[in-house]
Each structure stands twice: as C-alpha cells, then as structure tokens.
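Working notes, beginning with the structure itself.
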Amino acid sequence: MVKKEICTSCNSNNIVMNGPTSGNRQKFHCKDCGCYRILKTTQYYTKERKEEILRSYKEKSSLRGTRRVYGVAISTVQNWLKKKSYSL
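6 is the number of the first residue of the sequence shown in the numbering used here; add one for each residue after it.
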C-alpha cells in the first residue's frame with residue numbers, strides 16, 4: 006500500500022520530496038501553492054495510553070517487558086515516570 010502525501014495548506018496531492026531537514030526529517034514542496042512543509046507529525050501518546058503503559062509497568066512488569074509489549078522506548082517510560090513522581 007502506497008500512501009500519497011497531501012499538502013496541509015491547499016489539500017493538493019501534487020507534492021514532491023525536497024530533501025531532509027537538519028534533524029533528518031523529510032521536507033516536501035507543494036507544486037500548487039509553493040509551500041515547504043514537514044508533513045509527518047511527531048509521535049505522541051494519548052493520556053489513556055500513557056496511563057495504561059504506566060499501570061502495566063507498576064504491576065511488576067519490567068521496562069524491557071513494557072517496551073516489548075507496547076512498543077514504546079524505555080527512555081520514554083522513564084521520562085513519564087520522572088514527570089509523574091514530580092507531580093505527586
């Protein structure tokens with residue numbers, strides 16, 4: 006399955022790749038409206054998903070086990086745990 010990217014400004018599908026950014030994210034150029042954009046947004050987790058993952062970890066699951074089951078990076082879970090402990 007090939008996913009065709011769509012311009013977020015004009016909803017055109019007449020876009021081409023235009024090289025990477027300094028952070029190695031792909032830039033796109035819309036030939037219709039002329040804008041340059043990074044179309045892929047960063048990954049984020051919903052509040053419910055975060056709570057589910059943290060609950061799983063707290064129920065005697067290891068960080069590696071949590072990573073394996075949910076596909077989330079160990080450092081991400083550690084950062085969530087730090088933020089959660091500061092908010093208590």
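Think of the CB as a built atom: it goes at the ideal place given N, C-alpha and C, for glycine as much as any other residue.
- In this structure the stretch 39-53 does not touch the stretch 63-71; the number of beta carbon pairs closer than 8 Å is below three.
- With 16 or more other Cβ atoms inside 10 Å of its own Cβ, Val-82 counts as buried.
- Between the beta-carbon of Lys-32 and that of Ile-43 there is about 6 Å, and that keeps the pair under the 8 Å contact cut.
- When the beta-carbon positions are compared, Ser-61 and Asp-37 stay at least 7 Å from each other.
- A direct Cα-to-Cα measurement between Val-77 and Arg-30 gives close to 20 Å.
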